[in-house]
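> Got a structure here, written out as C-alpha cells. Questions coming.
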Amino acid sequence: MEQRSDIAKGFVKGNQKIFWQNLSVDLNTAGPPTKNAEEWNTVWKNLKYGTKKKWSRNKTNLTSTGGGPSTEVPLTALEERVATLLCFKNVDEGHGGNVYGFVEDEASIAIDTSDDAYLKRLSMKTC
C-alpha cells in the first residue's frame, strides 16, 4: 500500500481489480491468513477506519478540558504507518502556504519546472 499511496488514500477512482488481485497474491504468499482480493480490500478499509477513529479520539482527548486521567490509546506500529501514509498529522497540524491577502510579486511566483531541485521536491512530496 505504501508503494501505491494514491490507492491507499482513495484518490484513484475506477477499476482497481487488478491491483487488489496482485496484492492478494503477495499477501497470501506471505502466509496466513489467506483471503481473496475483495476480502483484503475490506481489511484495508477497516484498518483505515479504525486508525482514523483512534487518531480522532486521541486528538479530542488532547484538546478536552475538565481534568481527570488521560484516555489516550496509543497507536500500534501498524496504525502509526497507516496514519503516516494517510497524512493524518498534516491534516491536524495544517501545512505551510501563503496567507490570504498576501500578494507576491510576479518574479517569485514563476517556477522553472526544468530545475532539478524543483522536480526532486515535487517527487518527494507525498502528503
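Just so you know, the working numbering puts 124 at position 84 of the sequence shown, and the rest follows in order with no gaps. Each residue gets a CB set at the ideal place from its N, CA and C atoms; glycine is no exception.
Does the beta-carbon of Lys88 have 16 or more other beta-carbons within 10 angstroms, so that it is buried, or is it exposed?
Here residue 88 refers to the residue found at position 48 when the sequence shown is read from its first residue. The residue is buried, with at least 16 neighbouring Cβ atoms inside 10 Å.
> Would you mind sorting Ser64 into buried or exposed? The rule is 16 or more other CB atoms within 10 Å of its CB.
As a working mapping, residue 64 is identified with position 24 in the sequence shown. So Ser64 ends up on the buried side.
> If you run the structure through DSSP and keep just helix, strand and coil, what is Phe128?
Position 88 of the sequence shown, counted from the start, is the residue given in the question as residue 128. The answer is helix: DSSP assigns Phe128 an H, G or I state.
> His79: buried (16+ other C-beta within 10 angstroms of its C-beta) or exposed?
Translated into positions along the sequence shown, residue 79 becomes position 39. The residue asked about is misnamed: residue 79 is Glu in this sequence, not His. Exposed: under 16 other Cβ atoms inside 10 Å.
> Taking the continuous alpha helix (DSSP H) assigned at Val79, which residues delimit it?
Position 39 of the sequence shown holds residue 79. Inspection of the sequence shows that residue 79 is occupied by Glu rather than by Val. Per DSSP, Glu79 belongs to the alpha helix (DSSP H) from 77-103.
> Check whether the segment 114-130 and the segment 83-98 are in contact - that is, three or more C-beta pairs closer than 8 Å.
With the cut-off at 8 Å, the segment 114-130 and the segment 83-98 touch.
> Where does Val122 fall in DSSP's three states?
The residue given as residue 122 occupies position 82 in the sequence shown. Of the three classes helix, strand and coil, the one that applies to Val122 here is helix, per DSSP.
> So, for Gln61: in the same chain, excluding its five sequence neighbours on each side, which residues have a beta-carbon less than 6 Å away from its beta-carbon?
Position 21 of the sequence shown, counted from the start, is the residue given in the question as residue 61. Within the same chain, Gln61 has close Cβ partners Ala77.
> Mapping the DSSP letters down to three states, classify Thr69 as helix, strand or coil.
For the purposes of this step, residue 69 is taken as residue 29 along the sequence shown, with counting starting at 1. DSSP places Thr69 in helix when its eight states are reduced to three.
> Could you tell me the boundaries of the alpha helix (DSSP H) in which Ser110 lies?
To locate residue 110, count along the sequence shown from 1; it is residue 70. Counting along the chain, Ser110 falls outside any alpha helix (DSSP H), and DSSP gives it neither H nor E.
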